[in-house]
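I have placed the structure first, in the form of structure tokens, so that the comments after it can refer back to it.
There are 2 protein chains.
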Amino acid sequence: MMKIIHHYTDFMRRLPPLNTLRTFEASARKASFAGAAEELYVTASAVSHQIKTLEEYLGVSLFSRNKRKVELTAAGEQYLTSIQHALDEIEVATHRLTTNPDTNVVQISVAPNFLTRWLMPRMGRFQDQYPDIELQINASMGLIDFNRSNTDMAVYFGNGEWDDIETHFLCSVRLVPVCSPKVMKGRFPLEKPDDLRHHTLIYVSKRQWEWQDWLQQAGVTGLKPKGSMQISSSQLATAAAQEGLGIALADSTLTSREINAGQLIVPFDIQLETNKAFYLVYRKSRPLTAGMKAFREWMMAEMQTPEEQFNQESTS
Amino acid sequence: MMKIIHHYTDFMRRLPPLNTLRTFEASARKASFAGAAEELYVTASAVSHQIKTLEEYLGVSLFSRNKRKVELTAAGEQYLTSIQHALDEIEVATHRLTTNPDTNVVQISVAPNFLTRWLMPRMGRFQDQYPDIELQINASMGLIDFNRSNTDMAVYFGNGEWDDIETHFLCSVRLVPVCSPKVMKGRFPLEKPDDLRHHTLIYVSKRQWEWQDWLQQAGVTGLKPKGSMQISSSQLATAAAQEGLGIALADSTLTSREINAGQLIVPFDIQLETNKAFYLVYRKSRPLTAGMKAFREWMMAEMQTPEEQFNQESTS
DNA sequence: GTGTAATGATGAATTATTTTCATCATTGTG
DNA sequence: CACAATGATGAAAATAATTCATCATTACAC
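From first to last, the protein sequence lines stand for chains A and B.
With the first letter of the first sequence counted as 1, position 245 gets the number 607 in our numbering; the numbers rise by one all the way through.
With the first letter of the second sequence counted as 1, position 297 gets the number 659 in our numbering; the numbers rise by one all the way through.
Okay, here's the thing in structure tokens:
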């Protein structure tokens with residue numbers, strides 16, 4: 363047998379036989395050649411040959427053939443991660459290309475806090491305005507890899523500095539103290555910031571500095587509150603405040619409903635500006651579908667809607 | 363001709379014939395079938411057939427055949443981006459797998475400011491300690507896609523919250539005011555923070571708030587400096603301060619050499635703690651080479667080295 | 001234990017796919 | 001206007017992938 367070794371020139375890619383990667387991925391995923399064969403509608407023999415071809419090309423064995431089962435080697439494990447990544451991307455890109463871009467389904471990924479406090483209450487209004495557009499929403503905290511998921515758009519929380527995505531500013535986060543109405547009727551109603559010394563301050567664990575910053579801005583120094591409470595998320599902190607357990611710092615936009623409904627009281631209108639905000643984002647250089655445009659326009663418009671109007675309509 | 367359409371089951375992937383993607387990518391890159399044919403060591407006819415096969419699979423035309431040259435369609439353009447992404451990843455993963463992991467070359471990507479002010483001056487010491495390890499350094503500000511580049515490690519600047527990477531804290535950024543020695547000998551030497559009113563404050567454009575925060579911490583309120591200066595990067599701001607153009611806020615670690623050498627003066631030892639820091643990072647779940655381990659150990663140790671010792675050795 | 005079904009390896013035969021070849025059309029260039 | 005370069009296309013040739021037949025191993029039921 364003779365092999366012709368080509369001379370590599372300029373920017374020619376050095377790629378393994380790509381079809382063998384598909385077989386490799388299926389075999390690894392099923393941890394079985396027979397299983398992969400079934401999925402790929404070929405015989406186990408074909409799979410075995412392909413894996414062998416790939417291993418020979420790489421000069422690395424990807425599976426260890428123990429007993430009558432195959433197992434990925436460490437090298438195979440490492441390789442699989444990348445190959446799956448790459449195949450995911452090909453699969454998503456192909457799907458995106460072959461499906462009609464004007465479907466009226468929009469897949470959105472939203473930070474949980476924003477989802478429950480802002481988007482959910484307003485969803486009905488979107489449906490009224492665009493009855494033929496279907497939103498598929500899922501909650502997620504981290505960043506989306508738009509190249510490897512079918513998510514069309516996302517709402518991110520942060521400072522607006524992300525790579526390779528188009529961002530639309532939604533609203534900045536301004537923290538105001540919030541408490542239950544009970545607190546105001548209690549023994550030590552909050553009349554001036556210094557009155558906080560008689561109450562419990564609710565901290566969000568990962569944002570210890572927020573109260574300190576707010577107090578500084580309010581011009582209060584050396585304040586020792588009666589008690590303090592650590593809570594893991596801002597959502598729970600707000601809920602705790604609503605229950606009268608103490609005073610929390612909450613975003614004024616996200617809690618506007620409770621504030622307007624009188625369930626939460628803002629004792630002092632001193633806002634702590636943060637450099638974090640909510641943004642509507644999507645992959646740069648991606649053509650927007652009609653549904654995506656509609657959602658974007660609606661979001662931007664809704665952000666301008668005064669709270670009163672929103673509440674009037676929603677309670678009517 | 364008859365085509366057998368398979369029934370898609372469970373998690374089977376829907377992928378196009380992968381080898382045609384390679385041809386597609388080469389053709390798109392060269393904007394020519396003939397060019398791609400040359401690169402791939404096949405005839406132009408083969409390329410033409412492959413592209414046709416892919417286009418038929420997708421049901422989308424990727425190239426527009428105008429005149430006697432081919433051009434990507436909008437769909438082709440979009441598809442190309444993803445395919446190149448994916449092939450990059452396959453290529454990098456394959457290269458990583460087939461090269462001996464114990465080479466003594468370490469590729470590092472470093473934020474420019476950190477590179478010139480911290481790493482460069484200490485590079486000699488690394489070479490002395492590990493003469494057989496070769497560092498390949500390149501400066502880069504953004505985040506690295508470790509899946510698509512051969513970069514082994516990077517130094518990031520930020521708050522330490524990044525996905526899917528292993529981080530090692532190096533040093534936090536503490537801002538101190540710095541100025542030229544000339545200022546101290548001038549008409550208004552800096553003896554107390556309030557003396558800043560007679561001088562020019564140098565701001566970094568994107569970090570306007572830093573001086574304000576520092577002044578607040580120093581207990582100075584309502585200070586109106588004689589002048590102010592906007593400069594685009596912290597590196598240039600420090601340089602401007604060194605030239606006697608005003609007072610800048612600089613990181614004490616990165617400017618330690620100039621400070622120790624007397625080229626920069628720290629008039630007040632009031633440090634503004636920021637929540638940003640430098641981190642040494644690398645891809646999670648990647649096996650470290652001997653070179654990478656050595657570099658990491660050296661970095662961590664070097665961070666502990668007192669400045670005096672460093673300066674003694676480097677000037678000897 | 002022992003038979004049996006399931007898994008995987010391997011070489012030869014077969015089938016499918018890819019590439020080339022021959023030919024034609026188009027067009028930019030000297 | 002000739003002609004070199006590019007690309008399309010169908011049929012032939014070459015190559016690659018798959019199956020088939022066979023063997024070895026082993027988990028599992030009895």
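Just so it is clear, CB atoms sit at the ideal spot from N, CA and C, and this is done for glycine as well.
Listed in chain order, the positions of the region 505-527 of chain B with a beta carbon within less than 7 Å of a beta carbon of chain A are L505, N509 and D525. Proximity of chain B to N381 (chain A) at the Cβ level (cut-off 9 Å) is accounted for by P379, L380 and N381, in chain order.
Within the region 411-423 of chain B, contact with chain A at the beta-carbon level (separation under 8 Å) is assigned to L420, G421 and V422. Separation of the CB atoms of I609 (chain B) and S567 (chain B) is rounded to 17 Å, and the pair is thereby denied contact status at 8 Å. Residue environment for W571 (chain B): exposed (fewer than 16 other C-beta atoms within 10 angstroms of its C-beta). The closest CA to that of K431 (chain B), considering only B:S389, B:Q440, B:S534 and B:V422, is found on B:S389. The straight-line gap separating the alpha-carbon atoms of P474 (chain B) and A516 (chain B) is approximately 11 Å. Proximity to M662 (chain A) across A:H560, A:F531 and A:S618 peaks at A:F531, based on C-alpha coordinates.
Proximity of the region 647-661 of chain B to the region 463-481 of chain B meets the contact definition, three or more beta-carbon pairs being nearer than 8 Å. L459 (chain A) and Y441 (chain B) do touch by the CB rule: their CB atoms are close to 5 Å apart, below 8 Å. Using beta-carbon distances, E635 (chain A) does not count as an interface residue toward chain B, since no partner is under 7 Å. When rounded, the separation of the alpha-carbon atoms in Q446 (chain A) and E387 (chain A) is 7 Å. A Cβ of chain A is located within less than 7 Å of the beta carbon of T460 (chain B). In this structure, the straight-line span from the alpha carbon of A639 (chain A) to that of L505 (chain A) is close to 15 Å.
For H447 (chain A), DSSP assigns no beta-bridge partner whatsoever.
Counting only Cβ-Cβ distances below 9 Å, Y441 (chain A) has contacts in chain B at A455, T456, R458 and L459, in chain order. Per DSSP, K646 (chain A) is not a residue of any beta strand (DSSP E), being assigned neither H nor E. Contact of I452 (chain B) with chain A is assigned, a C-beta pair being separated by under 7 Å. If the five residues before and after S614 (chain B) are omitted, its C-beta is found closer than 8 Å to the C-beta atoms of R536, L537, V538, I621, V628 and Q633, all from its own chain and listed in chain order. When Cβ-Cβ separations below 7 Å define contact, M485 (chain A) makes no contact with chain B. Rounded to the nearest angstrom, the gap between the Cα atoms of M503 (chain A) and W480 (chain B) is 35 Å. In the DSSP assignment, G589 (chain B) is bridged to B:T562.
S534 (chain B) and G606 (chain B) do not touch by the CB rule: their CB atoms are close to 29 Å apart, not below 8 Å. The closest CA to that of G584 (chain B), considering only B:A396, B:F550 and B:R559, is found on B:R559. Between E553 (chain A) and T667 (chain A), the alpha-carbon positions lie close to 30 Å from each other. Selection A:Q491, A:Y492, A:N512 and A:Q489 evaluated against N500 (chain A) yields A:N512 as nearest (Cα-Cα). For I413 (chain B) and T382 (chain B), the gap between their C-alpha atoms comes out near 7 Å. Among the bridge pairs identified by DSSP, A516 (chain A) is matched with A:S471 and A:V643. Sequence-distant Cβ neighbours of T562 (chain B) in its own chain, meaning closer than 8 Å and more than five residues away, are P587, K588, G589, S590, M591, L607, G608 and I609. Partner residues in the beta bridge of V540 (chain A), as assigned by DSSP, are A:A610. Distances from the alpha-carbon of N462 (chain B) to those of A:L420, A:V545 and A:S647 put A:L420 closest. Around the beta carbon of E417 (chain A), 16 or more other beta carbons sit within 10 angstroms, so the residue counts as buried.
Just measuring C-alpha positions, the residue of B:S647, B:M546, B:T456 and B:R648 sitting nearest S423 (chain A) is B:T456. Annotation: L585 (chain B) has no Cβ neighbours in chain A at a cutoff of 8 Å; minimum Cβ distance is about 17 Å. Boundaries cannot be given for K554 (chain B), as no alpha helix (DSSP H) includes it and DSSP labels it neither H nor E.
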